[in-house]
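Engineer: Sharing a structure with you now.
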Amino acid sequence: MTELKTNLNIVWHGGATGNGTLKADYLDTKVAIPISLGGSGNGTDPKELLVSSAATCFIATLTYMLESRKLPVVEHTINSEAAISDNGFNITHYPQIILSADATEIQIQSAQRAIEGADKGCEVGNLLKKAGVTIEVQGKVSLK
3 MTELKTNLNI VWHGGATGNG TLKADYLDTK VAIPISLGGS GNGTDPKELL VSSAATCFIA
63 TLTYMLESRK LPVVEHTINS EAAISDNGFN ITHYPQIILS ADATEIQIQS AQRAIEGADK
123 GCEVGNLLKK AGVTIEVQGK VSLK
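Here's what the structure looks like:
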């Protein structure tokens, strides 16, 4: 695989109860320490960024797979949840693919396999799994 590099910059103001601004090529957002950890909560926190990265990788991989299969996709979305406990870090993705009403059974099955393939093909998810994060996928394919 070709080496990919990412550059970003964070400028922080105001100590633990302040916040920072994270900027990258296409990202500009506030970051902060969560209130539950004594911070301001006035920005996204590291856990949200990590889960966002995993979810973005998953849906981008899924999008590529659906397009390469030339499926009649009307819409596809993902909701993701994360839980941190003494047992570890768990992420659950809930992708939903809506195919056109005239999709065939073969296309529906292909979309379901694409969900499974996106889980296996997402590089960020694979890195997190190697680090001990449990990632589950509960996908749904429906017609519109």
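Residues 3 to 146, numbered by our numbering, are exactly what the sequence shown covers, in order. The beta carbon of each residue, even a glycine, is placed where N, CA and C say it ideally should be.
1. Measure the alpha-carbon distance for I99 versus V75 and round it to whole angstroms.
2. Roughly how far, in whole angstroms, is the beta-carbon of Y96 from the beta-carbon of S112, given that I think they are within contact range, below 8 Å?
3. Quick one: complete alpha helix (DSSP H) runs, 4+ long, within the segment 66-146?
4. With a 10 Å radius around its C-beta and 16 neighbouring C-beta atoms as the bar for buried, classify D121 as buried or exposed.
5. If you follow the beta strand (DSSP E) that D30 is in, where does it begin and where does it stop?
6. So, helix, strand or coil for G22, using DSSP?
7. Does DSSP put T46 in a helix, a strand or coil?
Structural biologist: By the coordinates alone:
1. 7 Å
2. Wrong, their Cβ atoms sit about 20 Å apart, outside the cutoff.
3. 107-123 and 125-132
4. buried
5. L29 to V33
6. strand
7. strand
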